[in-house]
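If you're matching positions, the sequence shown starts at 294 in the working numbering and goes up one per residue.
We put the beta carbon where it would ideally sit given N, CA and C, even for glycine.
For reference, the structure discussed in these notes is given below.
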Amino acid sequence: MLVSRTPRALLAVAVTATASALLLSACGGSAGSSAPPPTKQIGQNDTNPTPRDQVKDGGILQWGVQAYPANFNMLAIDASSGDIPPVVQSFEPTPAIADASGTWGPNPDYVESFKLISNDPQKAEYKLNPKAKWSDGTPITWEDYKSQWQALNGKNTAYQPLSTAGYASISDISKGSDDYDFTVTYSPKLAEWANLFNVLYPKSMTSSPEEFNHGWVDAPKVTAGPFKVSNLDKTGNNVTVVPDPNWWGDKPKLDKIVFKYYSSATVEVDGLASGAFDFASVASNIDAYKRTSTMKNVTLRRANLPNYREIVFNGAGNSILNDQKLRVAIIKGIDRDPIAKAEISQLIPNAQPLGNHIFLPGFPGYQDNSAGYLYNPDEAKKELDADGWTLAPGAKVRSKNGKQLTIRDAIPAGVKSGLDEAQLVQQQLAAIGVDLQIVQDDPNTFFDEHITPGDFDIANFAQMGDSAPPVNNAQSWFTTGDQALGNSGRIGDASINKLLDQASSELDQTKRYALLNEVDKQVWALGHSLPLYQRPSIVAVRNGLANFGNSGLANYRYQDIGWAK
């Protein structure tokens, strides 16, 4: 699955390994075999870069998605699926874009330049491309940017954004010499400011909380990208886009992109083999890796991304896990090593569990902060006893005040590998007297109806950091309060919020990353979540597809995607 640059938790549809591999590892066997490391160096991607004059005019790209957009406003809280941004970014403005190294800069189709013009107070000046217009003919001006900031800064709680990260640090947006020139003032200072406005919506939507939250649920009302919406098939869960004749930039090479629904990773790989799809996510899916490796006219494209699998805990009052001591004890009852080895050792030899929730190995800032929270079933049992969850003689499940220690694990139905992972955790927790009940939810509503509203005790999914700066990710994942909508388990405290604010305004990267590691240590102590392993980033792509594949940290230029001559 190709995903957004904005911080969001995403369903990992291609997570995996076979049940036999998982159960073999649970019994102490080996499921791994050596294979070439499925990554490139950080800062590189794999998209078959091809000059536009060597790309054919015409053709169709069949792009697989596992969910129809719950909201075409990808900034809204219910737009948490990773399948939404690729669809939306084909027809909405992307003023800020990232390159393969994750460095953000202006997209010249919308912004001629942006740069810091003052450090104290911190200010940035934006100069817009006056050719850019909305599909209703309205020019894209500074007012659209100001309105989006006001919707996302967290001050008006009627808005329900996915995240306020970054925008909450803006204190003012003021008009410059004309409607295409404006200045942004940051207070407190914002180190990672350049990635803001990675998508832009019209003032007509962002100026109204009702329109922002619900107005674009059924369809996008205004667009301004190289493509426009041609057909919305809610029955088949497909979205079709075609070139917009009013587009002012380079003409799109493709005649059409069809974002086509698939129900499982197996269906997507089957579709690649049959011609129904033009690429398929492999990630850590061993079966998909084996099948696509032998397909004719298919190339495996690799990159290195800060994305990882995790187990998220629900600390809200409606969950049995609203007890920090209980969460930490359960963390110590889960052995991540066999999970990591079973799921990705065939792709990444010597795969190891992660020691950090914010930084990943190989990326700047990583350090292992997991000491004291490693697998230790004896210690887990003692801590459960001390917390009042005791095991009566002859009983298999602990209880406290007459209530059994039963935990609901939410996973998407139909994803066999996700079930395998949950069953392994179920076995491990049973050994310390915890009853784990696996609940398989509809994958189309997994986030919207279960994760976002907090209908779970624990849940297995992936955190997709992508090219969003670490501070932005951390603010989205760990902030608590009225606007903590990206913190699925609602676990955090004032100390973490304060550290995140300090990190956000710290311009020195070394000091900023040190603050983020202090955040991570406190996240471990609270039992917020349990990071499992880094997800390999592998995409199987049909040969001949140009300027597309595994974008790594970079954004796509949709108008350049096509079929090589």
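So residue i is in the alpha helix (DSSP H); what residue range does that whole segment cover?
i: F771; result: 763 to 771
i: D269; result: Residue numbering for the chain in the displayed model covers 294 to 858; residue 269 lies beyond these limits and cannot be assessed.
i: W682; result: Premise fails: W682 is in no alpha helix (DSSP H) and is neither H nor E.
i: N491; result: N491 -> no alpha helix (DSSP H), and no H or E assigned at all.
i: I624; result: 617 to 625
i: A369; result: A369 -> no alpha helix (DSSP H), and no H or E assigned at all.
i: L262; result: There is no way to answer for residue 262, as the model of the chain reaches only from 294 to 858.
i: W435; result: 435 to 445
i: Y582; result: 579 to 586
i: R783; result: That residue, R783, is in no alpha helix (DSSP H); it is neither H nor E in DSSP.
i: A635; result: 629 to 637
Which residue marks the beginning of the beta strand (DSSP E) containing residue i, and which one marks its end?
i: Y419; result: 415 to 421
i: W397; result: 397 to 399
i: R594; result: 591 to 596
i: L409; result: 404 to 412
i: V605; result: 600 to 606
i: K521; result: 520 to 526
i: L647; result: Looking at the DSSP string, L647 is not in any beta strand (DSSP E), and its letter there is neither H nor E.
i: I751; result: 751 to 757
i: T533; result: 531 to 536
Grouping DSSP H, G and I as helix and E and B as strand, with all else coil, what is residue i?
i: Q719; result: helix
i: S830; result: strand
i: D702; result: strand
i: S464; result: strand
i: W356; result: strand
i: S374; result: coil
i: R835; result: strand
i: V551; result: strand
i: D472; result: coil
i: G855; result: strand
i: P379; result: helix
i: Q453; result: coil
i: P502; result: helix
i: Q733; result: strand
i: F572; result: strand
i: A391; result: strand
i: H743; result: helix
i: S692; result: strand
i: P654; result: coil
i: K804; result: helix
i: D728; result: strand
i: T478; result: strand
i: S612; result: coil
i: D563; result: helix
i: S497; result: helix
i: K426; result: strand
i: N790; result: helix
i: D511; result: coil
i: D346; result: helix
i: D748; result: coil
i: S825; result: Per the sequence shown, residue 825 should be read as Leu rather than Ser. Residue state, collapsed to three classes: strand.
i: N843; result: strand
i: D661; result: coil
Any idea if residue i is buried or exposed, counting beta-carbon neighbours within 10 angstroms, 16 or more meaning buried?
i: P293; result: Because residue 293 is not part of the residues shown, which for the chain are 294 to 858, the question remains open.
i: K546; result: buried
i: I784; result: buried
i: Q852; result: buried
i: N366; result: buried
i: A372; result: buried
i: C320; result: Confidence at C320 is low in this model, with a pLDDT of 31, below 50, so the placement of that residue is unreliable and no value is reported for it.
i: G655; result: exposed
i: A688; result: exposed
i: S567; result: exposed
i: T528; result: exposed
i: N488; result: buried
i: S574; result: buried
The segment 418 to 426 / the segment 397 to 405 touching (three or more Cβ pairs under 8 Å) = Here the segment 418 to 426 lies against the segment 397 to 405, with 3 or more beta-carbon pairs under 8 Å apart.
Could you tell me whether the segment 380 to 389 touches the segment 499 to 512, using the rule of 3 or more Cβ pairs below 8 Å?
-> No, the segment 380 to 389 does not touch the segment 499 to 512.
Three or more C-beta pairs below 8 Å linking the segment 516 to 533 and the segment 446 to 462 | Verdict: no, contact absent.
Contact between the segment 391 to 398 and the segment 423 to 439: three or more CB pairs below 8 Å?
-> No, because fewer than three Cβ pairs between the segment 391 to 398 and the segment 423 to 439 fall closer than 8 Å, the two stretches do not touch.
Does the segment 626 to 640 come close enough to the segment 833 to 841 that 3 or more CB-CB pairs lie under 8 Å?
-> Contact fails: fewer than three Cβ-Cβ distances are below 8 Å.
So, do the segment 337 to 355 and the segment 813 to 825 have three or more beta carbon pairs nearer to each other than 8 Å?
-> Segments in contact, no.
Should the segment 620 to 634 be called in touch with the segment 797 to 813, which here means at least 3 C-beta pairs below 8 Å?
-> Touching, no.
Contact between the segment 758 to 770 and the segment 731 to 742: three or more CB pairs below 8 Å?
-> Cβ pair count under 8 Å is below three, so no.
So does the segment 663 to 672 actually touch the segment 703 to 715, counting three or more Cβ pairs closer than 8 Å?
-> Judged by Cβ distances under 8 Å, the segment 663 to 672 makes no contact with the segment 703 to 715, as fewer than three pairs qualify.
Please confirm if the segment 467 to 482 is in contact with the segment 409 to 419, defined as three or more CB-CB distances below 8 Å between the two stretches.
-> Contact between the segment 467 to 482 and the segment 409 to 419 is present: three or more C-beta pairs spanning the two stretches fall below 8 Å.
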